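Taking the numbering used here, the leading residue of the sequence shown gets 1, the next gets one more, and so forth. Don't be surprised by glycine CBs; every beta carbon is placed ideally from N, CA and C. Here the structure is a predicted model, which is why all the values come from computation and not from measurement.
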Amino acid sequence: MRAMIIAALALAATPAAAQDTGTPDEVAQDSTHHPAPRDLCSDRPGLDTPACTVDPGRVQVEIGLGDWTLDKQADQRTDTIESGDVLLRYGVTATTEVRLGWTAYGHVRTRDVPSGTIETAQGVGDVTLGVKQNLRHPAEGKTGLAVAVLPFVTLPTGHSEVGAGDWGAGLIVPTSYKIDDTVSLELSPEVDAAVNESGQGRHLAYGAAMGVQVHLSKATRLTPELQFLRDQDPAGHATTSRAALSFDVQPAKMLQLDVQAVAGLNRDTPDVELGFGVTRKF
Numbered sequence: 001m002r003a004m005i006i007a008a009l010a011l012a013a014t015p016a017a018a019q020d021t022g023t024p025d026e027v028a029q030d031s032t033h034h035p036a037p038r039d040l041c042s043d044r045p046g047l048d049t050p051a052c053t054v055d056p057g058r059v060q061v062e063i064g065l066g067d068w069t070l071d072k073q074a075d076q077r078t079d080t081i082e083s084g085d086v087l088l089r090y091g092v093t094a095t096t097e098v099r100l101g102w103t104a105y106g107h108v109r110t111r112d113v114p115s116g117t118i119e120t121a122q123g124v125g126d127v128t129l130g131v132k133q134n135l136r137h138p139a140e141g142k143t144g145l146a147v148a149v150l151p152f153v154t155l156p157t158g159h160s161e162v163g164a165g166d167w168g169a170g171l172i173v174p175t176s177y178k179i180d181d182t183v184s185l186e187l188s189p190e191v192d193a194a195v196n197e198s199g200q201g202r203h204l205a206y207g208a209a210m211g212v213q214v215h216l217s218k219a220t221r222l223t224p225e226l227q228f229l230r231d232q233d234p235a236g237h238a239t240t241s242r243a244a245l246s247f248d249v250q251p252a253k254m255l256q257l258d259v260q261a262v263a264g265l266n267r268d269t270p271d272v273e274l275g276f277g278v279t280r281k282f
């Protein structure tokens with residue numbers, strides 16, 4: 001009788017032991033039972049900010065290798081070139097990352113149209129510090145809603161004309177909705193204490209970017225986006241609007257290459273911006 005009871009208990013336990021409990025995409029494990037690295041999720045390229053955070057204990061390096069912006073006004077033309085636009089992201093917990101951004105080199109060339117006079121300025125850019133706290137789906141691996149908050153502050157370390165001239169701060173609320181493995185919707189509302197055009201003091205600026213991510217394949221992605229920002233600078237209020245199209249490819253699991261083109265949609269927005277860069281997670 002005792003043997004029959006033991007056999008019955010063993011049979012009853014077998015299905016339960018065989019069940020696949022599964023793990024969420026945020027804490028997926030590899031064959032050695034260690035947390036497997038999340039899929040690469042970069043802030044580059046694009047106007048939107050993703051809701052994902054970097055895995056705890058990992059470092060992600062995102063570099064804008066080259067960026068050119070053209071701003072043509074009735075009386076002047078300004079060409080801005082930046083190189084080494086670096087963003088370092090470090091995962092502190094499963095849902096929190098700290099961030100440091102810095103532009104290694106910027107070159108601004110301004111030509112006065114009536115006189116033909118040319119002025120140039122060059123040097124390093126400002127430093128930006130931030131913390132991204134994810135509130136839902138830090139890996140953005142599941143379908144459905146992913147949300148985070150990203151407060152940041154900008155320190156005036158940059159050269160005149162390349163940097164803003166004073167400290168600034170802001171808050172972004174990165175939000176995405178993954179419909180399936182092919183299409184995701186993005187929205188990044190933002191409010192800033194932006195530096196005045198004079199380089200002293202701050203004013204209110206706010207707006208949002210929105211876009212659609214389309215995975216052409218497992219390793220390639222195309223993203224059209226729009227962005228609208230209202231800037232209440234004391235020198236003159238303005239609304240900027242931009243349309244962007246970016247493309248990125250992952251030749252390896254933790255490596256991404258990207259290109260982006262941005263067009264200004266009104267007179268208050270720079271006419272054209274072209275850039276390319278790379279992302280690597282360690």
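At a Cβ-Cβ threshold of 9 angstroms, A139 and G170 do not count as neighbours. A straight line joining the alpha-carbon of L145 with that of P45 spans about 21 angstroms. For M254, there is no enclosing beta strand (DSSP E), as DSSP gives it neither H nor E. Cβ atoms of D248 and R221 come within 8 angstroms of each other, at about 5 angstroms.
Within the model, the alpha-carbon separation for W68 versus E273 is close to 6 angstroms.
T154 and G168 have their C-alpha atoms roughly 5 angstroms apart.
In the DSSP assignment, H203 falls within the beta strand (DSSP E) that extends over 202-215. Non-local beta-carbon contacts of T78 in its own chain, meaning distances under 6 angstroms to residues more than five positions away in sequence, involve D71, T110 in chain order. With a contact defined as Cβ atoms closer than 8 angstroms, Y105 and V124 qualify at about 7 angstroms. Only buried fits A51, as 16 or more other CB atoms lie within 10 angstroms of its CB. At the C-beta level, V212 and E197 stay beyond 9 angstroms of one another. The Cβ-Cβ distance between R89 and Q122 does not fall below 9 angstroms. The straight-line gap separating the alpha-carbon atoms of H215 and S184 is approximately 9 angstroms.
A distance below 9 angstroms separates the beta carbons of G158 and T103. Between the C-alpha atoms of L150 and Q200 there is a straight-line separation of about 24 angstroms. Distance from the CA atom of T93 to the CA atom of P114, rounded to whole angstroms, is 56 angstroms. A residue is called buried when at least 16 other Cβ atoms come within 10 angstroms of its Cβ; T239 does not meet this threshold and is exposed. Under DSSP, the beta-bridge partners assigned to D231 are A205, A238. Nearest to P189 by alpha-carbon distance, out of A209, S176, R202, is A209. CA-to-CA, the gap between R58 and E186 works out to about 25 angstroms. Under DSSP, no beta-bridge partner is assigned to N266.
When the beta-carbon positions are compared, R242 and L257 stay at least 9 angstroms from each other.
Annotation for E119: the continuous beta strand (DSSP E) segment containing it runs 118-123.
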